[in-house]
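To keep things clear, I will list the structure first and then write my remarks on it.
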Amino acid sequence: MPLISTLISALFITVVLIPWLMRHATRLQLVDLPNERKVHSHSVPRVGGIAMVIGMLVPFLVWFPKDRLFAGILLGTAILAAFGIWDDRSDLHYRVKFAGQILASLAVVVVGDVCVAWIPFLAFPIDTWWISYPFTVFCLLAIINAMNLSDGLDGLAGGASILSFGLVGLMAFQSSSYAVVILTLAVAGSILGFLRFNSHPARIFMGDTGSQFLGFILGVLVIVMTQQVNPAVSAVLPLLIFGLPVIDTVTVMARRLLAGRSPFAPDKNHIHHRLLAIGFSHYETVVLLYFIQFGFVTIAYLLRFHVDSVVMTAFLAYSALVLWSIHLLLKHDLVRRYDLSLTRLGWMVLGPVRPFLQRSNLPRLIRLTLLLVLIIYSLQAALHIRQVPLDIAILATLLALLAFANLPTRSHMQWADAISMYTCCALLAYLGYIQGSTTDVAVRLVDWALVIVLGTLVLLAVLLSPQRRFETSPLDFLVILLAVLAPLLSVQIEGYSSVTLAVVKFVVLLYAFEYVRNGMAVPDLKLLRGSLAAGMLLVGASIFWAAVPV
170 MPLISTLISA
180 LFITVVLIPW
190 LMRHATRLQL
200 VDLPNERKVH
210 SHSVPRVGGI
220 AMVIGMLVPF
230 LVWFPKDRLF
240 AGILLGTAIL
250 AAFGIWDDRS
260 DLHYRVKFAG
270 QILASLAVVV
280 VGDVCVAWIP
290 FLAFPIDTWW
300 ISYPFTVFCL
310 LAIINAMNLS
320 DGLDGLAGGA
330 SILSFGLVGL
340 MAFQSSSYAV
350 VILTLAVAGS
360 ILGFLRFNSH
370 PARIFMGDTG
380 SQFLGFILGV
390 LVIVMTQQVN
400 PAVSAVLPLL
410 IFGLPVIDTV
420 TVMARRLLAG
430 RSPFAPDKNH
440 IHHRLLAIGF
450 SHYETVVLLY
460 FIQFGFVTIA
470 YLLRFHVDSV
480 VMTAFLAYSA
490 LVLWSIHLLL
500 KHDLVRRYDL
510 SLTRLGWMVL
520 GPVRPFLQRS
530 NLPRLIRLTL
540 LLVLIIYSLQ
550 AALHIRQVPL
560 DIAILATLLA
570 LLAFANLPTR
580 SHMQWADAIS
590 MYTCCALLAY
600 LGYIQGSTTD
610 VAVRLVDWAL
620 VIVLGTLVLL
630 AVLLSPQRRF
640 ETSPLDFLVI
650 LLAVLAPLLS
660 VQIEGYSSVT
670 LAVVKFVVLL
680 YAFEYVRNGM
690 AVPDLKLLRG
700 SLAAGMLLVG
710 ASIFWAAVPV
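Be aware that the sequence shown starts at 170, since it is given in the numbering used here, and climbs by one per residue.
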């Protein structure tokens with residue numbers, strides 16, 4: 170099953186497209202200008218949604234089964250993307266936006282046969298199309314606009330939604346619905362590629378094209394997952410899966426109605442606006458919202474097979490706790506009074522030892538240790554190869570040649586370094602995945618041990634770097650949440666642990682390579698390139714020795 174290929178190809182396509190789209194954003198008239206309702210103070214290209222849609226569509230077209238659902242999703246995505254680009258260029262009237270959303274929803278409902286049959290607290294399904302179709306369209310419209318309204322801070326909509334996509338993909342994997350898993354990974358890869366440019370301070374926005382696309386695909390996947398693939402789960406579960414966008418939209422619209430204004434009138438009453446008013450920084454607000462959404466997703470997974478009343482009670486209780494906590498912090502100004510910030514928390518963790526550790530040149534030692542561990546990791550991957558496809562052998566050799574060609578240069582060839590880094594991480598993750606259970610316990614323990622060592626070294630390097638060459642972002646906290654959650658869930662799924670290891674390994678390797686590459690002197694840069702070239706050459710040679718045609 171091309172699960173890893175789907176994730177990596179979507180990520181790679183998105184990362185490659187975004188810089189090109191950013192350069193042409195002004196000519197395409199796709200630039201977000203600041204105003205009194207927005208938190209950014211300068212113009213930002215809003216072409217991320219286009220890159221995300223294309224990044225998802227390529228692996229989707231290649232690997233998704235060609236059935237009614239495929240046709241419905243493809244048609245609906247095309248319609249919504251067209252209206253989204255139009256809106257990002259011209260700021261459409263909300264009636265025109267609704268028309269595009271309705272057309273896209275009708276396409277996936279009628280053509281793709283995606284409909285809601287089981288409604289919460291009803292013991293029997295709805296089997297009449299003139300009720301289920303309009304209700305399904307209403308549900309899709311609700312989540313599309315909820316996601317669109319929640320896109321107010323750098324990295325917020327993408328980071329919060331990827332947690333929901335992760336849960337849907339996990340449940341689909343458990344239910345052996347690999348079509349849903351493929352689409353989930355395609356979207357997740359495009360989001361990860363986008364977030365590398367959208368974490369605060371953002372260099373790019375997703376625009377309405379991206380936010381509506383995420384809401385549409387997530388809504389479709391949740392309906393398919395809970396209504397068709399595994400109807401045994403609670404019909405209330407979508408409320409927890411959507412989580413943050415739902416309570417944000419409901420509370421904002423309620424405030425507007427109570428104030429005698431239109432529920433669609435723009436204002437600054439969203440949850441992220443309230444957290445900013447409390448005293449949290451942009452960075453801290455996004456991180457806190459990630460943790461809130463993480464809570465929704467975790468509760469959804471734990472209660473997925475419980476009765477509707479239990480799931481609804483959990484949703485209302487957790488939502489009330491979140492909203493009450495925000496109200497309490499705002500009312501008593503607790504954040505400013507007690508300086509409750511992530512920066513202060515970091516200083517409390519390290520305390521007075523941080524200056525000593527910085528003076529001891531420990532960051533330099535950590536970077537060199539990372540280089541050594543990366544070389545060891547490449548060697549152990551090559552030594553335990555059994556049987557792999559020939560195309561992987563060719564890829565490893567080409568990667569080694571690219572790194573060798575880049576070795577003599579005395580400057581940062583960013584495109585070559587980036588290609589080498591991303592491809593090397595993906596290749597090493599894939600090698601660990603295809604080995605799976607064919608290796609013995611000792612090898613698998615070494616594999617996990619090296620991943621843990623790399624992750625720990627990167628974390629220490631981030632905390633101790635005096636020049637802040639590798640500035641942490643909300644995306645880093647998102648990666649930590651995913652890395653923590655994946656191993657915990659993998660033990661419950663037969664055969665899932667190898668997939669989990671591959672994903673976690675890819676993320677850890679990516680951060681390790683990126684840290685040692687960022688801001689390095691020329692000798693260190695050459696050492697990185699040389700170690701990468703040597704390691705991949707050994708991997709390529711070992712693979713050729715055991716390669717089999719496919």
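Note that beta-carbon positions come from the ideal geometry of N, C-alpha and C, so glycine has one too.
Unbroken alpha helix (DSSP H) runs of no fewer than 4 residues, entirely contained in the stretch 403–479, are found at 406–411, 413–427, 440–447 and 451–471, following chain order.
It is roughly 16 Å from the alpha-carbon of V350 to the alpha-carbon of I410. Using a 10 angstroms sphere on the CB of P407, the tally of other CB atoms reaches 16 or more, which defines it as buried. Rounded to whole angstroms, the gap between the alpha carbons of T175 and A595 is 11 Å. The Cβ atoms of S359 and A220 lie closer than 9 Å to each other. Linking D296 to A286 through their CA atoms gives a straight-line distance of about 7 Å. Boundaries cannot be given for N399, as no alpha helix (DSSP H) includes it and DSSP labels it neither H nor E. Secondary structure note for I223: its alpha helix (DSSP H) is the uninterrupted segment G217 to W232. Within the model, the alpha-carbon separation for L322 versus F229 is close to 28 Å.
Between T353 and L325, the beta carbon gap of about 20 Å keeps them out of contact (Cβ cut-off 8 Å).
Between G412 and V476, the C-beta gap is not smaller than 9 Å, which leaves the two residues out of contact. Secondary structure of V337 (DSSP, three-state): helix.
In terms of Cβ geometry, Y470 and L339 form a close pair [threshold 9 Å]. For D320, the three-state secondary structure derived from DSSP is coil. The stretch 444–451 makes no contact with the stretch 379–390; the number of CB pairs closer than 8 Å stays below 3. It is roughly 11 Å from the alpha-carbon of Y684 to the alpha-carbon of G624.
The beta-carbon separation of A355 and M225, rounded to 5 Å, stays under the 8 Å limit for a contact. When rounded, the separation of the alpha-carbon atoms in H193 and L543 is 37 Å. In this chain, the alpha helix (DSSP H) harbouring Q381 covers G376 to I392. DSSP places D616 in the helix class (H, G or I) of the three-state scheme. Cβ contact annotation for L445 (same chain, cutoff 6 Å, sequence separation greater than five): T454, in chain order.
Nearest C-alpha to P234 among V222, L678, L309 and Y347: Y347.
The three-state secondary structure of V280, taken from DSSP, is helix. One thing to note: T420 has its Cβ no nearer than 9 Å to the Cβ of L490. Under the DSSP assignment, W287 falls outside any alpha helix (DSSP H); it carries neither an H nor an E label. The stretch 701–710 makes no contact with the stretch 613–623: fewer than 3 CB pairs, one atom from each, lie closer than 8 Å. The residues G224, M225, V227, P228, L354, A355, V356, A357, G358, S359 and G362, in chain order, have a CB closer than 8 Å to that of A179 in the same chain once the five nearest residues on each side in sequence are set aside. Taking all protein chains in view, the Cβ of D502 is surrounded by fewer than 16 other Cβ atoms within 10 Å, so the residue is classified as exposed. Taking the Cα positions, R196 is about 15 Å away from I373.
Note on the stretch 337–374: whole alpha helix (DSSP H) runs with a minimum of 4 residues are 347–367, in chain order. Cβ neighbours of K695 within its own chain (closer than 8 Å, five residues either side excluded): L576.
In this structure L261 is in contact with W255, their Cβ atoms being roughly 6 Å apart against a cut-off of 8 Å. Separation of P303 and R430 (C-alpha to C-alpha, rounded to the nearest whole angstrom) is 27 Å. The continuous alpha helix (DSSP H) containing Q270 extends over residues Y263 to L275. By the CB criterion at 9 Å, L387 and I312 fall inside the cutoff. Judged by DSSP in its simplified three-state form, D256 adopts helix.
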